[in-house]
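In my numbering, the protein residues as written are 1 to 408.
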């Protein structure tokens with residue numbers, strides 16, 4: 001069989017070209033360290049690697065989310081630690097103010113110290129996470145949660161609880177709204193906390209409930225019901241704003257008086273010695289749910305009232321006891337929230353450990369699918385280079401068999 005010269009050159013060129021492509025490919029694999037350079041090299045491995053890469057990227061994003069959550073929770077914990085210290089200072093000052101030997105001026109100095117602590121509480125409640133977002137405003141992170149008002153503070157945030165996706169099946173709560181932290185001080189199991197003055201001579205009882213049709217008028221302020229010197233008429237004063245909301249009104253046992261969204265009734269007690277209100281009897285009416293700013297403000301106001309008489313001292317003692325109890329309840333709120341933050345931080349650590357393990361597994365799977373076995377690749381590269389050299393030398397020999405070589 002005769003083979004034409006063009007056929008020899010064509011087949012030899014094709015073979016050498018294929019061998020060169022193979023050598024180049026293996027060289028690229030060795031230089032990159034990857035077995036699969038294009039999906040065509042191993043379609044199944046490429047598809048599987050794409051799924052694993054996406055899972056690895058999602059796991060990396062979860063790690064970023066967890067770090068953001070840790071920063072937020074750590075900032076909240078640091079702030080609440082300072083709040084705890086401030087409340088302990090306030091308790092110390094309350095106990096100090098109860099010293100019966102102190103003068104009005106000395107109690108005034110304590111009131112000034114308490115005012116400084118109250119200002120600290122405002123600053124702590126309006127703390128940010130370091131990037132300008134308020135920690136305790138719920139979803140409304142661009143608005144300072146609390147602003148001062150007469151008698152306490154106004155909450156400007158919302159009741160939303162923010163979460164962050166820390167894993168495929170777990171969302172971690174971030175710092176909650178300020179209402180859950182600085183408010184919700186239950187001063188009474190009912191809607192209002194109504195207390196008789198310690199110096200009351202009569203045994204009448206008072207009660208207050210929300211007047212539903214006018215509930216929009218609720219102020220959250222403190223009120224005082226004060227009877228006249230005969231015990232037959234009374235007035236109601238908003239102690240927060242020092243304004244009379246119910247002028248002198250004849251007393252009728254059990255008849256409710258409505259003001260500022262509140263239904264107030266005073267009722268004669270059953271039994272001797274005195275069942276009706278006594279001359280000068282008083283009752284305080286506070287919201288059944290207070291915030292710490294109102295509590296501290298009430299204590300400051302009580303300390304600024306002269307207590308030169310036995311009656312005034314009894315009222316001061318009652319106010320200090322009530323304030324101390326409210327501070328204790330606020331501390332319980334803070335400690336409960338701090339415990340929740342600690343639990344979330346611990347869970348983030350556990351999720352980090354799990355995420356790191358997943359990351360290692362993903363990278364091992366990708367390595368098994370895509371990475372190059374250098375021993376095999378270098379052996380194959382050497383073999384292909386030898387084959388290429390042999391093909392080139394063979395072509396030289398074969399091309400020398402042309403008839404023209406014999407005609408020369």
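Glycine included, C-beta positions come from ideal geometry on N, C-alpha and C. Here the structure is a predicted model, which means the values were calculated and not measured.
What residue range is occupied by the uninterrupted alpha helix (DSSP H) comprising residue i?
i	result
residue 52	43 to 97
Could you give the DSSP three-state label for residue i: helix, strand or coil?
i	result
residue 239	coil
residue 270	coil
residue 233	strand
residue 333	helix
residue 191	coil
residue 226	strand
residue 263	strand
residue 300	helix
residue 213	helix
residue 174	coil
residue 348	helix
residue 327	helix
residue 248	strand
residue 255	coil
residue 292	helix
residue 305	coil
Return yes when the Cβ of residue j is within less than 9 Å of the Cβ of residue i, no when it is not.
i	j	result
residue 467	residue 183	Any answer about residue 467 is impossible in this case: the structure gives the chain only from 1 up to 408.
residue 223	residue 245	yes
residue 286	residue 360	no
residue 157	residue 178	yes
residue 126	residue 204	no
residue 153	residue 293	yes
residue 200	residue 250	no
residue 327	residue 296	yes
residue 169	residue 129	no
residue 121	residue 110	no
residue 331	residue 96	no
residue 226	residue 298	no
residue 65	residue 191	no
residue 114	residue 303	yes
residue 172	residue 318	no
residue 229	residue 315	no
residue 309	residue 258	no
residue 232	residue 247	no
residue 167	residue 208	no
residue 445	residue 275	Any answer about residue 445 is impossible in this case: the structure gives the chain only from 1 up to 408.
residue 62	residue 341	no
residue 345	residue 78	no
With a CB to CB cut of under 7 Å and the five nearest residues on each side skipped, what residues in its chain are close to residue i?
i	result
residue 240	150, 151, 221 and 222
residue 329	185 and 186
residue 181	136, 333, 334 and 337
residue 48	369
residue 72	129, 174 and 175
residue 148	122
residue 254	265 and 267
residue 291	152, 153, 182, 183 and 185
residue 145	125, 126, 134, 136, 137, 155, 156, 157 and 178
residue 311	199
Locate the beta strand (DSSP E) running through residue i, then write down its first and last residues.
i	result
residue 154	152 to 155
residue 163	163 to 167
residue 207	205 to 210
residue 287	282 to 287
Considering only residues of the same chain and omitting the five flanking positions on each side of residue i, which have a CB-CB separation below 6 Å?
i	result
residue 162	174
residue 83	124 and 334
residue 217	260 and 261
residue 89	117
residue 105	none
Starting from the C-beta of residue i, find all residues in its chain whose C-beta is less than 8 Å away, skip the five residues before and the five after it, and write them out in chain order.
i	result
residue 81	338
residue 219	238, 240, 260 and 261
residue 86	117, 120, 121 and 124
residue 323	94, 295, 296, 298, 299 and 302
residue 307	104, 107, 313, 315 and 316
Does the beta carbon of residue i fall short of 8 Å from some heavy atom of the ligand GDP?
i	result
residue 75	You won't find the ligand GDP in this model; it holds no ligand whatsoever.
Which residue spans inside the region 105 to 155 form an unbroken beta strand (DSSP E) run of at least 3? 146 to 149 and 152 to 155
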